[in-house]
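Visitor: Going by the UniProt record's numbering, the first residue of the sequence shown is number 1, and it counts up by one from there.
Built from N, CA and C at the ideal position, the CB exists for glycine as well.
Have a look at this one before I ask anything.
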Amino acid sequence: MDRIDQLSIFIRVAHSGGFTAAADQLGLPRPTVSLAIQQLETRLDTRLFHRTTRRVSLTREGEMLLERAINLVADSETLEQQFKLRTRGMAGRLKVDLPSRIARRHVAPALPKFFDRFPDIEIDLGSSDLPIDLVHEGIDFALRVGQVVSDSLVARPLGSFHMINCASPAYLRRHGTPLSPADLSQHLTVHYALPNGGRAVQWEWEEDGQLQTVVMNAQVSANTAETYIACCLAGMGLIQIPAFDVRDHLMAGELVEVLADWRAPSMPVQIVYPHRRSLSPRAQVFSNWMNELLGPYLN
Numbered sequence: 001m002d003r004i005d006q007l008s009i010f011i012r013v014a015h016s017g018g019f020t021a022a023a024d025q026l027g028l029p030r031p032t033v034s035l036a037i038q039q040l041e042t043r044l045d046t047r048l049f050h051r052t053t054r055r056v057s058l059t060r061e062g063e064m065l066l067e068r069a070i071n072l073v074a075d076s077e078t079l080e081q082q083f084k085l086r087t088r089g090m091a092g093r094l095k096v097d098l099p100s101r102i103a104r105r106h107v108a109p110a111l112p113k114f115f116d117r118f119p120d121i122e123i124d125l126g127s128s129d130l131p132i133d134l135v136h137e138g139i140d141f142a143l144r145v146g147q148v149v150s151d152s153l154v155a156r157p158l159g160s161f162h163m164i165n166c167a168s169p170a171y172l173r174r175h176g177t178p179l180s181p182a183d184l185s186q187h188l189t190v191h192y193a194l195p196n197g198g199r200a201v202q203w204e205w206e207e208d209g210q211l212q213t214v215v216m217n218a219q220v221s222a223n224t225a226e227t228y229i230a231c232c233l234a235g236m237g238l239i240q241i242p243a244f245d246v247r248d249h250l251m252a253g254e255l256v257e258v259l260a261d262w263r264a265p266s267m268p269v270q271i272v273y274p275h276r277r278s279l280s281p282r283a284q285v286f287s288n289w290m291n292e293l294l295g296p297y298l299n
């Protein structure tokens with residue numbers, strides 16, 4: 001096992017907080033992980049972890065090494081990939097994380113076309129509406145919809161999703177159609193709860209160049225886009241959603257746009273990746289392909 005491999009294992013142990021967890025994530029036997037750390041500590045002549053029966057934590061020296069190790073491993077992977085491209089073409093494993101609805105409805109069905117162009121790339125496709133630690137999970141990059149505020153991430157804008165307000169015909173028959181934001185106090189919404197467990201997102205719209213918000217009543221709250229839309233289809237209230245997400249429902253008459261003159265601001269769409277890494281060539285081609293795929297829906 002070379003030094004870069006040892007540093008990669010060291011990083012995974014540091015982020016996972018244990019040898020067993022690191023071994024599971026790396027697909028290695030636990031003794032292999034333990035031996036790699038022992039050899040690294042012997043080579044550096046220093047103790048890198050405090051070990052207990054339940055968890056390991058970094059020593060001061062381990063904390064000093066971690067930042068340098070992340071940079072060294074990332075640089076090594078980028079350099080190696082650049083040389084591989086000269087002889088083998090675009091190849092290797094890529095781990096990405098996408099919003100669940102985009103992954104299911106848009107990316108997964110189009111993957112055969114991507115593999116026609118890049119047959120030697122392998123993709124671990126994660127899908128979640130929850131924010132995750134990209135470094136801890138070993139994610140090369142993620143697609144995020146909405147504002148991303150994190151000093152540890154680099155964000156590359158792709159564009160934005162146009163937003164609309166909509167409701168089901170059944171809801172509108174029971175409650176009437178709102179004609180202006182002043183009517184919202186007489187209506188229900190489906191709350192979209194923030195994925196981190198925070199308060200529900202307020203109803204918002206732009207008026208005369210200013211962002212306006214109001215807290216609406218709701219009987220149900222959802223924390224995934226799929227459930228959010230499903231509740232609206234069931235007649236549980238009004239929702240605000242990227243237009244492309246409900247295009248088929250609108251065309252089928254299952255949902256109806258309302259308050260077209262009072263829409264929420266467009267939502268930014270971004271590729272994000274750890275601050276101390278650069279996108280590998282295979283990550284670049286996949287992110288560029290996704291940009292092409294989603295381009296018709298982006299402003």
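Is it buried or exposed for methionine 64, if we count other Cβ within 10 angstroms and need 16 for buried?
Guide: Under this definition methionine 64 is an exposed residue.
Visitor: Using alpha carbons as the reference points, say which of Thr32, Ser160, Gln186 and Leu26 lies closest to isoleucine 139.
Guide: The shortest C-alpha separation from isoleucine 139 is found at Leu26.
Visitor: Where does phenylalanine 49 sit, in a helix, a strand or coil, going by DSSP?
Guide: Three-state result, phenylalanine 49: strand.
Visitor: Would you mind giving the Cβ-Cβ distance between leucine 141 and tyrosine 297, rounded to the nearest angstrom? I have them listed as a contact below 8 Å.
Guide: Here the sequence assigns phenylalanine to residue 141, which means leucine is not the residue at that position. Not confirmed; about 19 Å, so no contact.
Visitor: Tell me where the alpha helix (DSSP H) around proline 169 begins and ends.
Guide: Note, proline 169: alpha helix (DSSP H), 169–175.
Visitor: Within 10 angstroms of its Cβ, does glutamine 186 collect 16 or more other Cβ (buried), or is it exposed?
Guide: Classification for glutamine 186: exposed.
Visitor: Just reading off the alpha helix (DSSP H) that histidine 191 is part of, what are its end residues?
Guide: Note, histidine 191: premise wrong, no alpha helix (DSSP H); beta strand (DSSP E) at 188–192.
Visitor: Tell me the rounded alpha-carbon separation between aspartate 97 and leucine 125.
Guide: Rounded to whole angstroms, aspartate 97 to leucine 125 spans 6 Å at the Cα level.
Visitor: Tell me the DSSP secondary structure of glycine 146 in three-state form.
Guide: DSSP places glycine 146 in coil when its eight states are reduced to three.
Visitor: In whole angstroms, what separates the C-alpha of serine 76 from that of glutamine 6?
Guide: Computed Cα separation, rounded: 13 Å.
Visitor: Anyone know if the C-beta pair for leucine 220 and tryptophan 203 falls short of 9 Å?
Guide: For the record, residue 220 in the displayed sequence is valine; it is not leucine. No.
Visitor: Restricting to Cα atoms, I'd like to know which of Val190, Asp2 and Glu226 is closest to threonine 32.
Guide: Residue Asp2 is the option with its Cα nearest to threonine 32.
Visitor: Suppose you measure from the CA of glutamate 292 to the CA of alanine 91; what does that come to, to the nearest Å?
Guide: Glutamate 292 and alanine 91: Cα-Cα distance of roughly 20 Å.
Visitor: Considering tryptophan 262, what are the terminal residues of the alpha helix (DSSP H) in which it resides?
Guide: Unbroken run through tryptophan 262: none, as it is neither H nor E.
Visitor: Report yes if the CB atom of isoleucine 9 is closer than 9 Å to the CB atom of alanine 22, and no otherwise.
Guide: Closer than 9 Å, so yes.
Visitor: Using alpha carbons as the reference points, say which of Pro181, Arg12 and Ser57 lies closest to valine 73.
Guide: Taking only the C-alpha atoms, the option nearest valine 73 is Arg12.
Visitor: Tryptophan 262: which of Pro281, Gln240, Gln270 and Ser280 sits nearest, CA to CA?
Guide: Out of Pro281, Gln240, Gln270 and Ser280, Gln240 has the C-alpha closest to the C-alpha of tryptophan 262.
Visitor: Alanine 218 and threonine 189 - do their beta-carbons sit closer together than 9 Å?
Guide: Yes.
Visitor: Alpha carbon to alpha carbon, how far is aspartate 120 from arginine 88? Give it in angstroms, no decimals.
Guide: Low confidence applies here, because arginine 88 scores a pLDDT of 49, under 50, leaving its location unreliable; read the following figure in that light. Going from the Cα of arginine 88 to the Cα of aspartate 120 covers about 9 Å.
Visitor: Could you say which of Leu255, Phe286, Phe49 and Glu206 lies nearest to methionine 267 if we only look at CA atoms?
Guide: Selected option, being the one with the closest Cα: Glu206.
Visitor: For glutamine 38, count the other beta carbons within 10 Å of its own beta carbon; 16 or more makes it buried, fewer makes it exposed. Which is it?
Guide: It is exposed - the Cβ of glutamine 38 has fewer than 16 other Cβ atoms within 10 Å.
Visitor: Would you mind sorting arginine 60 into buried or exposed? The rule is 16 or more other CB atoms within 10 Å of its CB.
Guide: Arginine 60 is exposed by the Cβ-count criterion.
Visitor: For serine 57, is the classification buried or exposed, using 16 other Cβ atoms within 10 angstroms of its Cβ as the cut-off for buried?
Guide: The residue in question, serine 57, is exposed, as its Cβ has fewer than 16 Cβ neighbours within 10 Å.
Visitor: Is phenylalanine 114 helix, strand or coil when you go by DSSP?
Guide: Looking at phenylalanine 114 - three-state DSSP - the assignment turns out to be helix.
Visitor: Enumerate in chain order the residues of its own chain whose CB-to-CB distance from valine 269 is below 8 Å, with the five nearest sequence positions on each side excluded.
Guide: Leu143, Arg144, Val145, Pro157, Leu158, Gly159, Ser160, Phe161, Leu294 and Leu298, listed in sequence order.
Visitor: Label serine 168 either buried or exposed according to how many other C-beta atoms from any shown protein chain fall within 10 Å of its C-beta, with 16 as the threshold for buried.
Guide: So serine 168 ends up on the buried side.
Visitor: If I'm right that glutamate 257 touches isoleucine 164 with Cβ under 8 Å, what's the distance once you round it to whole angstroms?
Guide: That pair is a contact at about 5 Å.
Visitor: DSSP has arginine 156 in a bridge; who is on the other side?
Guide: Bridge partners of arginine 156: Ile271.
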